[in-house]
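Encoded as structure tokens, the structure appears first; notes follow it.
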Amino acid sequence: MDLEDSKSSSDVVSDTCGVLDLHPHAGEDTEGQGTSNDVKEEEPTPDLEWLQELYEEDDDDGDLALVADHGEKWSYAETARMFKLRRNLDQLDSFRQQKELDVEKARENLKLCRQNITSLLETRDNLEKEIEHQKVTDNSVAVLRLPAQHKHLCQRLQNEEELEGQINTKLRQQERELSEVEEELGRVDLLRQELQEEEQLFQVFKAQKATQRLKQEKKVRQNLQQKMKHFRDKQETMLKEEAECQRKIEESRASQRKAAKHLKQTIKRLNQQATEKEQQNRELLEKRIQAVMSLKNNIEANQECLQIQQSKAKENVQQKKLQQRELKETLQAQGIYSIKNMYQQNQLEETKRKQEKFEESQKSKRMEIVAKLLQEEQLMKSRKSNQPPPLKPSTNDKSLFLRRDAEKLLSYLDPSPPPVVEETALITFRKIRDISSSSSASEDSEEMEEPIQGYVDHQSLADSIAEPEFSGLWNQDYKKLVNAKTTPPETEVKKEEPSMVGGKLSSTVKKGPSFISKPDVIFFEDFEVGKIYKKKIVLINISYTVNNCKFVRVSAQLKDFISINFDPPGPLSTGMSYNVQAIFRPMINENLEGEIHFTSPLGPFSVPVRCTIKTCRPEVDSQFIDFGSHMVGQTISRTVTLTNKGALGTLFSLDTSECLTPETSHVQLPSHISASISLEKCSENTSCNSQESFISTHAGEVQPKQQSQELCEASQQEKPAEGPEGMSDDFLSSYVETQIDSSDSSDIRLGLVREGEIGPFQSIRLDVLFTPTIPGETRLDFYIKFSDINTRPIPIKVRAVTTSIPVWVVEPNIDLKICMFDHLYQERVVVQSRASTALKLTFEVCPEMRKHMEILPKTSVIQAQSSFNAQLKFMPRRSLSKDAEQFFDIDTGVLEVPMTVYVAGQVKPAHFTVQAIVTSSDLQLDQTEVDFGYCSVYESVTSTVRLTNLSLLPQDFGFVGVPEFIEVQPNDGFGTLLPQETLEIELIFSAKATKNYHFQFNCKSGTNRDLVLSCQAVGVQPPLELSHSLVQFRATAVGDQSTARLYLTNRHADHNQPKLTVTSAVKDARGFCFTLPQDSDISITPSVGRLDPGERCCVMVAFKPRLLEQDIKEEALRLAHQATMRSEEKLERTQVEPNKEKRGIMNPKSRTAKDQKTNKLKESAVPVHIQPGSAQWKEAEVSLLRSFSQRFREYTIPCFVSDDDPSETDRQLRPTWSPTNTLYLKVHCPALQPPLVVTSNNGHNVIEFQQVVVGEKLIKKFTVQNISKESLDLKSSVLDIHGSFELLTTLRSIGPGKEQTLAVAFRPTLVQKYCDVLELQCHKMVIQMSLHGEGVDPAVTSSPSGGLLDFGYVLKEETASQRVQLHNSSAVAVGFRALLASQALSRSQDGADTLALPLDGYRGSQLQLTKGTQNYSGLSVFTVKPVEGSIAPGKSQDLTITFQPDHPSVNYCDRLTIELPNKHKVMELKGAASSRIMYLCGGDLTVPTESLLPPSITSQPQLTESEVMESIPFLVTLRADCRAGVIKPAVRELQVGCIHSTRTSRKSGQFYWEDVASVQQQGFSVEPIKGTVEAGRRCTISITWTPPSGYKPFEVVQMCVPLTLKGDETNVYSVTLMALVSVTAD
């Protein structure tokens, strides 16, 4: 089996391979395409690269699940390689077979072709011989015919020879390919042998695998048999166990049956106990309900008093507040300090309140003492009763003694007489004590003890309150009741004690009430207001002792209506009775319930009282009526008796509605008697009261009766239309008619009596009729409704079954749909019979329809239990409207014909109706002649005709016989017209030549009706020609622009024109003029021009959609109106009026003024005239763009062509224009909403940079918003690379509703005006932003204009300031910035700060450094304010430069750079600082630079006077110039100055030279030698050196002279004079 499977699998593989894949991929299986017999001619030679791939494949990819017994295994790669090799070899074999087949076919074709050639050669030879023979016989006809056959035969022979060559070539090629394939097969012979060996080995492995699998299956089968055997054993064991279990179950059931008997007895006993307990609980619950009802009655009786007390309390509080306010005002008017006085009064009241509280506490303590005394008295009496009676004093004397002691104690505690409440409490306690001391107290007395004790506690609590909460209840009624109960003497109480029989107490005690009444319930039924009713009651003593009773009271709800006549004669023995008379005087018409309360020594009891008003209690004898089964056509009647068992009459009505709502559940008929209306209202009030009381009882809340009545009255006032008086007679009559119609619509209907009045204890018969018309079950549910709202409707259900007639028409309504006049229509009429005999049928058609309708056959016989088919023919004539007026409606075309089928022996004939809609089949054209007028050969003229379908059926139509120069649209003149549809047909005429056209064509309908249409036209050729007559612009957004290019050509040629009144010379030059429609978005350039013969002109047509000015103005007015309304609403919200009275009593004049003010506000808000380009204009434009929808407009633009060219001399004359030469250009202009809008700058597309200083950069931003529903990718145009505008923002994608802000920079480089256009592009539109700006040169001057600013000498830590003024004389604002070199971040190249050494007059000094000595504190020596700013045009700005040194130095210097746009100004700052007011300057520095860092030693020791007076070295170098042997003396000047300072009081200083004589010997002269210097000034000292005699050349003369300066301190300078002669060459 496995071997066969492997063979079949290999066969399948070889079969599915198909054509050889000559270029297989490694590891990829080729899909077979099946072996085909038809091989393509051009097939490439097989490429056997797969052989190499097979050898290169890896054999370690995976294992195939084939394992031999000896341990060898087949890998997955080897198996795949084997199958792949077999597949490819099979493909190669099939390829060789195919090639062999091709070679054989080619050889057969070659053989066949050679046979054809041989036969053609023979035929040619025969034909040549025939030609020779015919020439010999001189047969001219054959001689002329046979050469043609010879030629044809030669041609065939030539073709066959060519085909032979092709087949021979193809055969050689196929043989070569076959040899190549065989060669390849020879190469793979070894591979084929290896494959066969591998396949044999694979089959061996498969066989081994199958053997192994069989062994495994055998083993599994043995295991399964063992498992089945084990399962059988287990099943037998389970059956045995189940039998044993069944036996045990039966035994347990028997024991359960035995135990069930005892269990039932136990459950029965438990149920009896539960029933007894439930009965006890029910009795207890009834007692509690009675207690709750009594409490409810008490609360209801005193609720009104509580409300009065609360209202009085509120009034007292208000009066008290009012009195306090008046008192306060009075005191303030008298000048008394009211707050103090009121405070004193409050203190007095507080004191009184505390005193009353103290008295109450004392009273409660007294009550406690009294209670304790009574307890002691009771205890003593109980002890006495337990002890034998003493002989001397009696208990009465002792109790009297104790009572007297208690009264004496009370008099000591409270000298005032005891109140009535305390006396009552004492009496009550004594009574309770006596009752409890008796040994045979009854259960009723025990139950009475609890309410009395609660009452006493409540009385004590009420007396302890300053003002009782329920004054009426506790002070009046209940006090009298308690007094009445406590007044009987002790003798009466003793009568209640059980009698002693033989020294023992009687053990018989009666539970429950001691008296019963007959009747049990006093029932006043059906009472009327105003009458008096009396009832006699018999009270029977059912106790076992002599007893008496006393009338206590009537329930609160009955005390105003019921009075009791009861005069008890005295005590009664058991079984005796009293007569009591109850008199009932009703004053309201509502149900009353209550009790008459009596009391007896054994306990209270009551007699229930029920008072019911007259009610309506209707009943019916049956609520279900079943008619049974009846035939169609019969009439059956049933009767329902309505009886009113109540004493109140009512109105009734029958309602057949399916469901009743609360509004329709009662009869709402107009009342004719006012008394009945009042009764209904009273009954409604009663029902409301009862409902309210029911709800309050179940909710656990007690509401007063007055409140429930008010609620009922309010509900009646809210719904006045629900009562009987709220309906009109018209509505009632229409309602009744509707009900009657609805009841009569079915087979079951009601009788004539459908409404009326039923009196007390009366009966009315109601008829129900059943007239079957339709077979089947019929049901009718109706209700008997009553005007009494307390009476529920009575539902009555009626059922009946209708059986059909024996012969009937299956389809009672035959609908012929829509029919046309003069067309025949047929329909089948099916008659069915269920009778058991054959019946005769007669079909009758009404006389009016006999010309148009017919039934065949007219008479027939229908067999039993079968059907009969008749044929109905209907052909409506045009006279149908006259023949059958009653059946046919001319306006609608509806035809309804009743038909009758008479059946022999059947009383009711079978009826059916034939329905149809008859219509005409006419089509109508609104015009039959069409004149196209003049039509250019370059254009088409369109005319419209209207085709109307007058039929009610769709009709096909088509225009036939249409000439080639006419086009009919839509759908090439063919289509279908719906009923009553009118279609506009466009006739497009295109003139082919210049001539007159007269033609006709027809319009045919589907019913073969012809409509003839006559047309005429004149074809002309204008002298000018447009390249396109239709321009279709793309959908252009508002604000974008689309352009199209056309060419207008003057053709220089002669054309044959028709003979018209207007002739044109085509060879002349022509003028043209395009006339644009008004308010169009189209522009044409050029619109006017002149063309010479043969000349062509380019015409640009631009479409730029825009918004109309009128729409923008209207939108602006609307926005202004909305803004006005919002401002008015805001104004109304902010206006707060003082109160409602002032709003109500507003002066009419003020209202008028307010209205006028509002009108003025509206008029002022609405702009009178909105200027284009204004903010309101732009806002309205943006609003319209956001709400803009798609718009399509079509323009036809005429191009007028002149008839001739005016001469040069007559240029002023207007050329003549002819309509025949006019060209027309049609333009389609679709506009859509712009996806991008500019939201900034009020939507302006122009960015004005104004004037900008050259070199400065000004950035302006504008915002665009995407108002479309899709994302937009923005792109921008390239700005001028040599321009001054630059787009700084990177464009990105904008989402729907998003915005993007773009920044544009303007940096002018020259003084000129700049202009550029920035285009923002998206896939739907382009926004052009115009950029404008102007570059200007700033003109800023400074004063002082010098490059050096010297601050001179300043005392250290003092300040000196100077100002530099900058003046802007240009037309734009100029920005500036002041920078100090000391504060700049930049450094010199070597990294060190630079200095400017003031060498003064030393001419050879070249050191000019920028940065000098700085302050030790780190603060700048020089400061500038402001550092930066802007100078307005024509304005000036002052810069304040401050010099503030913190240590003495002469090396303070800095550089101030004022940066301006495109330029800068530099000023050198210089200053010196001294610690003394006198200073010396003008000499040479001994040290080239000064350290910029502060000294390392900050704290110096205090200097002595000698150290202070130490001289200061000062060097002065003099150089005498020797030129040509002549020596010029050297001169130097020193400056001695005095600093003006506010810290010293000195106004001047002195100086003088010492030891001048020694200096003079060396040729030095000093002038002046001494002097005085004013504060703030300088004195110049001149030092001259003339070389003395004996001076040696190049000798340096040096002398030291002291110079003393006296100011705030004395300074001595050691001036070193060093002189030398410098020789200068000539």
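Under this note's numbering, think of the first position of the sequence shown as 35, with each following residue one higher.
Beta carbons are placed, not taken as given, at the ideal position from N, Cα and C, and that holds for glycine.
Nearest candidate by alpha-carbon position, reference residue i, set the options
i, options, result
"G604", "C583, N1485 and R1611", "C583"
"P602", "W842, N581 and N380", "N581"
"Q1075", "C1263, K268, M272 and C645", "C1263"
"F600", "G609, F632 and E559", "F632"
"H1498", "K1469, A1506 and A1412", "A1412"
"P1563", "K885, D1006 and P1621", "P1621"
"L1219", "N1005, S1311 and G1073", "G1073"
"T962", "F999, D1044 and Q897", "D1044"
Local Cβ density within 10 Å of residue i, reported as buried at 16 or more and exposed below that
i, result
"Q1717", "With the chain represented from 35 up to 1660, any question about residue 1717 goes unanswered, as that position is not in the structure."
"L329", "exposed"
"C1349", "exposed"
"I630", "buried"
"E216", "exposed"
"D689", "buried"
"E1149", "buried"
"C645", "buried"
"Y1387", "buried"
"N380", "exposed"
C-alpha distance - residue i paired with residue j, whole-angstrom precision
i, j, result
"V1657", "C1556", "5 Å"
"A1373", "S1404", "5 Å"
"I792", "V654", "13 Å"
"N847", "A869", "23 Å"
"E1471", "V1406", "Note on residue identity: the sequence assigns Gln, not Glu, to residue 1471. Cα-Cα distance, rounded: 15 Å."
"N1489", "V1500", "Going by the sequence as given, residue 1489 is Arg instead of Asn. Cα to Cα, R1489 sits roughly 7 Å from V1500."
"F1340", "V1272", "20 Å"
"M1652", "G1446", "27 Å"
"E878", "Y936", "8 Å"
"K397", "L382", "22 Å"
Rounded distance between the beta-carbons of residue j and residue i, thought under 8 Å
i, j, result
"L959", "L981", "6 Å"
"V1478", "T1393", "Checking the displayed sequence, the identity of residue 1478 turns out to be Gln instead of Val. So it is a contact: roughly 5 Å between Cβ atoms."
"T953", "S913", "16 Å between Cβ atoms; not a contact."
"I1328", "I1231", "Not really, about 37 Å apart at Cβ, beyond 8 Å."
"S1575", "L1389", "5 Å"
"I818", "K942", "Incorrect: roughly 34 Å between the Cβ atoms, too far for contact."
"S656", "V674", "6 Å"
"V1261", "Y1229", "5 Å"
Min CB distance residue i to chain B below 7 Å
i, result
"E217", "Judged by its chain identifiers, the structure shown contains no chain B, having just a single protein chain."
Three or more C-beta pairs below 8 Å linking the stretch 607–614 and the stretch 561–581: yes
Segment contact, 8 Å Cβ cut-off, at least three pairs: the stretch 960–977 with the stretch 1053–1063: yes
At least 3 beta-carbon pairs within less than 8 Å: the stretch 1103–1114 vs the stretch 1037–1052: no
Cβ contact (3+ pairs, closer than 8 Å) linking the stretch 1629–1641 and the stretch 1577–1597: yes
Sufficient close CB pairs (3 or more, under 8 Å) joining the stretch 196–207 to the stretch 132–152: By the Cβ criterion, the stretch 196–207 is in contact with the stretch 132–152, since at least three pairs of Cβ atoms, one from each stretch, lie closer than 8 Å.
Any 3 or more C-beta pairs closer than 8 Å across the stretch 1013–1028 and the stretch 1063–1070: A contact is defined here as three or more CB-CB pairs under 8 Å, and the stretch 1013–1028 fails this definition with respect to the stretch 1063–1070.
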